[in-house]
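For the sequence shown, position 339 (counting from the first letter as 1) is numbered 342 according to this note's numbering, and the numbering increases by one without interruption. Built from N, CA and C at the ideal position, the CB exists for glycine as well.
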Amino acid sequence: MAQEVSEPDLSTQAGRERFLAEASDWEMISGSGQTMDVGPQMRGAVAVFKNGVIVVASGQRHRPQVNAISVRARHFGIARIKMLDAEKDFIEELYKAFGSTKPKTNWRALDLERQKTLSRIIHEAAEMRASDIHMRVLEDYTEIKIRVNGRMMEIGQEPSQDGQEMIRAAFAVAQGQGASGSDSTFQQGAMFANSGLLPENVEMLRLQYTPTSEMRGALVMRLKYVSKSYETDVDSLGYSLQQATDLRNMRLKTNGMYIFAGKVSSGKTTTLQRCLNAMFLDKRKEISIYAAEDPKELELLGAIQAQINAGTNAVTAFRDAMKAALRSDPNVIVLGEIRSEELTSMAIEAAKTGHALWSTVHAGSALGILNRLINLGAEREDLKDPRTVGGLIYQRLLGVICQHCRTPLSEALDNEAIDADLAERFARLTGRDMSQLYVLGRGCDKCFKGLTGRTVVAETIRPDARLLEMYMDESRVKAEQYWLTPNEEGGMGGAPVMHHALIKAGAGICDIDEVQGEVDLLETYERELSQLVPRLRRDIDALLAG
Ligand SMILES: [Zn+2]
């Protein structure tokens with residue numbers, strides 16, 4: 004390998020002879036028709052060997068074309084590169100000696116082999132309705148895990164080298180991997196049906212590669228399943244009656260911003276898609292929708308969906324799309340994510356000029372969306388107007404525990420399967436006997452590891468002027484209190500996502516351990532939201548009564 008090659012001085016005759024002697028059994032890959040054919044012009048300047056040795060014409064080492072070749076070499080699986088300087092004549096000599104041998108490694112065939120394995124893994128994951136596949140190349144092996152109903156599970160191992168080659172093979176058929184193909188840079192891409200690797204029920208695979216060392220990395224592939232775009236049922240996703248009503252009222256509006264927040268797999272896309280399609284049908288297809296996202300994930304009825312070629316300059320691409328959107332004057336604008344100051348001001352402008360704008364931002368709560376918009380340069384004055392800020396939604400997805408094998412809390416406590424403190428707090432908050440409360444079971448033939456699906460837990464706000472003014476002019480805490488105060492006491496009667504999650508845990512739908520891990524600590528709820536406890540108990544009873 005390259006690191007074992009001692010460094011001969013190629014400017015001397017002795018050095019060149021030593022090099023040729025050592026190189027006698029090396030494989031050149033940059034020659035005409037060889038694996039990494041660099042073209043006739045670059046052959047005057049560079050010779051690449053499969054072991055990572057690259058001989059470069061003196062003074063050309065830092066040319067961008069030479070740099071590009073070394074990046075390409077890494078992409079071909081060459082881990083360590085050693086560059087040696089030599090005169091052009093010597094490089095010519097090297098090509099005469101090594102440049103016409105047939106490649107020993109058939110990269111294309113290797114790619115096909117790895118793609119076959121990759122395809123098998125994707126099919127396996129899709130069969131179990133996994134949301135993503137994690138491939139982590141470790142020193143000794145490649146770990147392959149999938150996430151089903153929010154839980155990670157290992158489905159197999161491959162040799163370390165195979166893992167890295169599989170990742171390379173994945174990007175070879177993916178689109179939009181960006182400029183660099185190196186193992187040591189971050190890469191993104193998307194794989195579609197035309198890759199030939201996806202099962203019928205998967206229409207896209209999003210790839211995110213993270214280098215973890217010079218030669219290894221981790222690939223996360225998110226599966227996007229084929230969904231029926233006419234599906235317009237928002238209510239069944241798991242919202243409470245009040246939240247479903249809020250969402251219905253938001254879709255009736257033809258102006259204002261409606262913004263979702265939540266982490267990567269929080270079901271935002273599904274909700275957004277169904278909301279917009281329901282809106283389109285409710286309004287008898289008489290509205291126009293313009294959408295810009297990167298990559299395109301929403302399947303929208305009757306919408307113009309801009310193709311964003313973001314690449315490295317997403318900000319510019321989105322700005323252009325927004326300008327085009329405003330010029331085509333649609334009723335509804337959908338923006339994948341508000342993530343720059345310019346987009347923020349354009350979004351607000353759109354909302355103020357008679358468009359409904361639906362989008363997402365990174366925020367940890369519904370009210371936190373306002374803070375995020377301020378950080379993105381929004382004018383406080385603009386955000387005080389409920390005609391501009393029409394709706395704020397924050398959500399998470401939690402596993403639905405199997406009704407057939409769920410375990411009563413009392414039993415889980417006896418078996419020490421749950422923390423005693425957590426169990427007691429759970430029973431105290433919900434006011435229920437431990438035998439009436441349930442946690443995740445061991446799994447049975449009717450479920451997968453005790454889970455049967457996922458459900459939304461959320462908080463939705465349709466702000467009024469008072470809430471927005473309080474938030475902007477007074478304090479966030481005050482605004483939040485006003486939101487949580489019951490209607491009959493002059494507040495907005497809102498409930499935070501933790502309240503919704505606890506209702507579902509109390510009704511035996513979600514696991515309390517996951518609620519605590521994914522949403523918030525019970526202790527925090529008990530300490531800061533104790534005024535909601537009577538309501539929590541009523542809400543659990545109501546949900547159980549159906
Ligand atoms: Zn079960």
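Measuring CA to CA, which of the options is closest to residue i?
i: Thr463; options: Asn280, Asn152 and Gly496; result: Gly496
i: Met31; options: Arg46, Arg19, Glu20 and Ile341; result: Arg46
i: Glu116; options: Cys513, Arg66 and Gln167; result: Gln167
i: Val403; options: Lys387, Arg457, Gly367 and Tyr441; result: Arg457
i: Ile84; options: Ser27, Gly18 and Asp186; result: Asp186
i: Ala366; options: Arg342, Asp385 and Ala353; result: Arg342
i: Arg541; options: Gly446, Arg435 and Met39; result: Arg435
i: Asn204; options: Asp40, Arg132 and Ser216; result: Arg132
i: Thr274; options: Pro214, Ser362 and Leu226; result: Ser362
i: Leu376; options: Glu345, Thr356, Ala359 and Gln406; result: Glu345
i: Glu95; options: Met138, Val51, Ile81 and Gln68; result: Val51
i: Lys452; options: Met155, Gly36, Ser103 and Gly102; result: Met155
i: His407; options: Gly371, Glu206, Gly444 and Met437; result: Gly444
i: Ala504; options: Glu492, Gly493, Asp523 and Pro333; result: Asp523
i: Leu284; options: Ala548, Leu255, Asp92 and Glu529; result: Leu255
i: Leu425; options: Gln519, Asn374, Gln190 and Arg219; result: Gln519
How many whole angstroms separate the CB atoms of residue i and residue j, which I take to be in contact at a CB cut-off of 8 Å?
i: Ala89; j: Ser61; result: 7 Å
i: Ala294; j: Ala309; result: 7 Å
i: Leu97; j: Val58; result: 6 Å
i: Pro466; j: Leu395; result: 7 Å
i: Gly55; j: Met253; result: Rounded, the Cβ-Cβ distance is 58 Å, inconsistent with contact.
i: Ala510; j: Leu454; result: Incorrect: roughly 16 Å between the Cβ atoms, too far for contact.
i: Lys387; j: Met475; result: 5 Å
i: Arg219; j: Val140; result: 4 Å
Using three-state DSSP, classify residue i as helix, strand or coil.
i: Met501; result: helix
i: Val229; result: coil
i: Val550; result: With the chain covering only 4 through 549, there is no way to say anything about residue 550.
i: Leu546; result: helix
i: Ala175; result: helix
i: Thr272; result: helix
i: Val267; result: coil
i: Glu289; result: coil
i: Ala482; result: helix
i: Pro11; result: coil
i: Glu419; result: coil
i: Ala182; result: In this prediction, Ala182 scores a pLDDT of 36, lower than 50, which makes its location untrustworthy; no coordinate-derived value is stated.
i: Glu296; result: strand
i: Leu532; result: coil
i: Ile32; result: coil
i: Arg209; result: strand
i: Gln37; result: coil
i: Leu240; result: helix
i: Lys85; result: strand
i: Asp514; result: coil
i: Phe451; result: strand
i: Arg375; result: helix
Would you mind reading off the limits of the beta strand (DSSP E) that contains residue i?
i: Ser362; result: Ala359 to Val364
i: Lys561; result: Any question about residue 561 goes unanswered here, given that the chain covers just 4 to 549.
i: Phe189; result: Note, Phe189: premise wrong, no beta strand (DSSP E); not H, not E.
i: Asp332; result: Looking at the DSSP string, Asp332 is not in any beta strand (DSSP E), and its letter there is neither H nor E.
i: Gly402; result: Val392 to Ile404
i: Ala50; result: Val49 to Val51
i: Trp307; result: Per the sequence presented here, residue 307 reads as Ile, with Trp not at that position. Unbroken beta strand (DSSP E) run through Ile307: Ala306 to Gln310.
Here's the rule I'm using: 16 or more other beta-carbon atoms within 10 Å means buried, otherwise exposed. How should residue i be labelled?
i: Ser243; result: buried
i: Ala112; result: exposed
i: His65; result: exposed
i: Asn152; result: buried
i: Met224; result: buried
i: Tyr212; result: buried
i: Asp417; result: exposed
i: Met325; result: buried
i: Gly305; result: exposed
i: Ser269; result: buried
i: Glu566; result: Nothing about residue 566 can be read from this structure; the chain reaches only from 4 to 549.
i: Val267; result: exposed
i: Ala182; result: Per-residue confidence for Ala182 stands at a pLDDT of 36, beneath the threshold of 50, marking its modelled position as unreliable; the derived number appears in the next sentence. Answer is exposed; the Cβ neighbour count stays below 16.
i: Gly241; result: buried
Could you pull the start and end residues of the alpha helix (DSSP H) that residue i belongs to?
i: Leu425; result: Ala423 to Thr433
i: Asp467; result: Careful: Asp467 lies outside any alpha helix (DSSP H) and carries neither H nor E.
i: Asp249; result: Leu244 to Leu255
i: Gly159; result: Counting along the chain, Gly159 falls outside any alpha helix (DSSP H), though it belongs to the beta strand (DSSP E) covering Arg154 to Pro162.
i: Gln63; result: No alpha helix (DSSP H) holds Gln63; DSSP gives it neither H nor E.
i: Ala354; result: Glu344 to Lys355
i: Met45; result: Gly42 to Arg46
Which residues have a Cβ closer than 6 Å to any heavy atom of ligand 2, listed in chain order?
The model depicted lacks ligand 2 and carries ligand 1 instead.
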